[in-house]
Each structure stands twice: as structure tokens, then as C-alpha cells.
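*Asks:* So my numbering is basically just the index in the sequence shown, starting at one, shifted up by 132.
Where a beta carbon is used, it is the ideal one built from N, C-alpha and C, also for glycine.
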Amino acid sequence: MRSRHCWQLVFVAAALGWALTSFAHREPGSLTTIEWNPATGQTEIIHRLHSHDAELGVGAILDMPNLSVLDLEGRAYIALYVEERFRIAGDDGDLSLALIGAELAGDHILVFQELSGRLPRTIRVLDHILRDVYPTQVNLVNIKDGESVYSLEFSAGADWHVYEFRH
Numbered sequence: 133m134r135s136r137h138c139w140q141l142v143f144v145a146a147a148l149g150w151a152l153t154s155f156a157h158r159e160p161g162s163l164t165t166i167e168w169n170p171a172t173g174q175t176e177i178i179h180r181l182h183s184h185d186a187e188l189g190v191g192a193i194l195d196m197p198n199l200s201v202l203d204l205e206g207r208a209y210i211a212l213y214v215e216e217r218f219r220i221a222g223d224d225g226d227l228s229l230a231l232i233g234a235e236l237a238g239d240h241i242l243v244f245q246e247l248s249g250r251l252p253r254t255i256r257v258l259d260h261i262l263r264d265v266y267p268t269q270v271n272l273v274n275i276k277d278g279e280s281v282y283s284l285e286f287s288a289g290a291d292w293h294v295y296e297f298r299h
């Protein structure tokens, strides 16, 4: 009986250890939302990156090992980096997205962009955010179209994705 109880404790400890390690390991990724705001007449684009990934990744690319999201300058560098690696194009080429800024939200940094007016009916989207640093990076772009949300996934080898608005 004692031996059985001991093995049960070992099993529970091993399972708990495995569970904690799997929760601690997080794949790098970003989430971008694109949504029309009728109140402002702007298309709003919000990029959400894990702060740690952004600091290390952008810091490595810019050779700034002490880059920190806690500093205004660090957030500005990250926002400029995101601006260079995210694009939306219409039939006539790249659309002019305005960089609004960046702010912290818990463990994430949010980078804000806007487009004056609505997006064209058919767009092409390119999201290379942090994919030049993290080979396993998966970026998800959610596009709000009417009452529905459609997702585009960018992973290794993914380039431009085409989206056609339904509403």
C-alpha cells in the first residue's frame, strides 16, 4: 500500500512538472486586428506583441540589447519596426498607414496604426513582424468584416494573403 501511494505521488509530481513546463513555454506570435471605425472615419489597426518577444527580437535586429518596452524610446523603436514589417496593399499598391504610437497593456505592447477612410474591397496583407528573428513565429491577422471576423495566418514561408470584404 505504501509503495502504491509513493508511486501515485511520483506520478502526480511528474504530471504537475510537465504541465508547468508546457505552460511556461510559449511560442512567439503576434495578433493584429483590422477594423473600420465609423465614428472616426478611420480603419484602425492594432498589433499586439508579447513584450519580452518584442524587446529581444527588435533589440537583436537593431543591435540594441538593452531595448526596453518600459522606456518611451524603446516603444518608439518597436513601433517603427512594426511599421516596416506590416503592409496592406490595394489594387494600386501599398496603402499609406499612419503610425499612431505604442503603449503597454499587461505583458504586451500594442502598436497602433490607422488608415484614413475604408479599406478597398480587395486587399493584400503582409505580416513579417518578428518573423525575421523567430523562425517559428506565427502571426494572426483578424479582419472585422461587418459582424464577422476573418483570420489570416502568417507562418514560415507565408507571404502576401488576399482578403476580399464581404460586407
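For A192, I'd like the list of residues in its chain whose CB is within less than 8 angstroms of its CB, leaving aside the five on either flank, ordered along the chain.
*Replies:* If you number the sequence shown from 1, residue 192 lands on position 60. Cβ within range, chain order: V265.
*Asks:* Write down the C-beta distance between I220 and I255 rounded to the nearest angstrom, noting that I regard them as a contact closer than 8 angstroms.
*Replies:* Residue numbering aside, residue 220 sits at position 88 when the sequence shown is read from its first letter. Residue numbering aside, residue 255 sits at position 123 when the sequence shown is read from its first letter. Indeed, because the Cβ distance is near 5 angstroms, the residues count as touching under 8 angstroms.
*Asks:* Can you tell me whether H299 is helix, strand or coil according to DSSP?
*Replies:* Start at 1 with the first residue of the sequence shown, and residue 299 comes out as number 167. H299 falls in the coil class under three-state DSSP.
*Asks:* Kindly indicate which residue of L262, S283, S280 has the alpha-carbon position closest to the one of L188.
*Replies:* Translated into the one-based positions of the sequence shown, residue 188 becomes position 56. Ranking L262, S283, S280 by Cα distance to L188 puts L262 first.
*Asks:* On the three-state DSSP scale, how would you describe A221?
*Replies:* Against the sequence shown, residue 221 aligns to sequence position 89. Three-state result, A221: strand.
*Asks:* Can you tell me the Cα-Cα spacing of A171 and V273, whole angstroms?
*Replies:* For the purposes of this step, residue 171 is identified with residue 39 of the sequence shown, where counting begins at 1. For the purposes of this step, residue 273 is identified with residue 141 of the sequence shown, where counting begins at 1. Taking the straight line joining both Cα atoms gives about 22 angstroms.
*Asks:* In or out: A156 buried (at least 16 other Cβ within 10 Å) or exposed?
*Replies:* Indexing the sequence shown from 1 puts residue 156 at position 24. Caution is warranted here: a pLDDT of 45 is assigned to A156, below 50, making its placement in the model unreliable, and no coordinate value can be reported.
*Asks:* What's the C-alpha gap between H240 and G161?
*Replies:* For this step, residue 240 is matched to residue 108 along the sequence shown. For this step, residue 161 is matched to residue 29 along the sequence shown. The alpha-carbon atoms of H240 and G161 are separated by roughly 11 angstroms.
*Asks:* Between which residues of its own chain and S183 is the CB-CB distance below 8 angstroms, once the five residues before and five after are set aside?
*Replies:* Taking the first residue of the sequence shown as position 1, residue 183 is located at position 51. Cβ within range, chain order: V201, L236, D239, H240, I241.
*Asks:* Could you check the C-alpha separation between W139 and V270 for me, to the nearest Å?
*Replies:* Reading the sequence shown from its first residue, position 7 is the one you call residue 139. Reading the sequence shown from its first residue, position 138 is the one you call residue 270. Residue placement at W139 cannot be trusted, given a pLDDT of 45 that sits under 50; what the coordinates show is reported in the next sentence. C-alpha separation (whole angstroms): 40 angstroms.
*Asks:* Let's see if you can read the secondary structure: which residues bound the beta strand (DSSP E) around V243?
*Replies:* Translated into positions along the sequence shown, residue 243 becomes position 111. 240-248 is the extent of the beta strand (DSSP E) around V243.
*Asks:* By the 10 Å Cβ neighbour count, where 16 or more other Cβ atoms means buried, how is D185 classified, buried or exposed?
*Replies:* Position 53 of the sequence shown, counting from 1, holds the residue named residue 185. So D185 ends up on the buried side.
*Asks:* Looking at the secondary structure, which residues open and close the beta strand (DSSP E) in which L280 lies?
*Replies:* Stepping through the sequence shown from its first residue, residue 280 is reached at position 148. In the sequence as displayed, the identity of residue 280 is Ser instead of Leu. That run of the beta strand (DSSP E) goes 280-286.
*Asks:* Could you check the C-alpha separation between S154 and D223 for me, to the nearest Å?
*Replies:* Taking the sequence shown and counting its residues from 1, one reaches residue 154 at position 22. Taking the sequence shown and counting its residues from 1, one reaches residue 223 at position 91. At S154, the pLDDT of 38 sits below 50, so the modelled position is not reliable; the number obtained from the coordinates is stated separately. When rounded, the distance between both Cα atoms is 44 angstroms.
*Asks:* Tell me the rounded alpha-carbon separation between S248 and I232.
*Replies:* In the sequence shown, counting from the first residue as 1, residue 248 sits at position 116. In the sequence shown, counting from the first residue as 1, residue 232 sits at position 100. Straight-line Cα distance between these residues: approximately 12 angstroms.
*Asks:* Just confirm the distance between the C-beta atoms of G278 and H299, as a whole number of angstroms; I'd bet it's less than 8 angstroms.
*Replies:* In the sequence shown, residue 278 corresponds to position 146, counting from 1. In the sequence shown, residue 299 corresponds to position 167, counting from 1. So it is a contact: roughly 3 angstroms between Cβ atoms.
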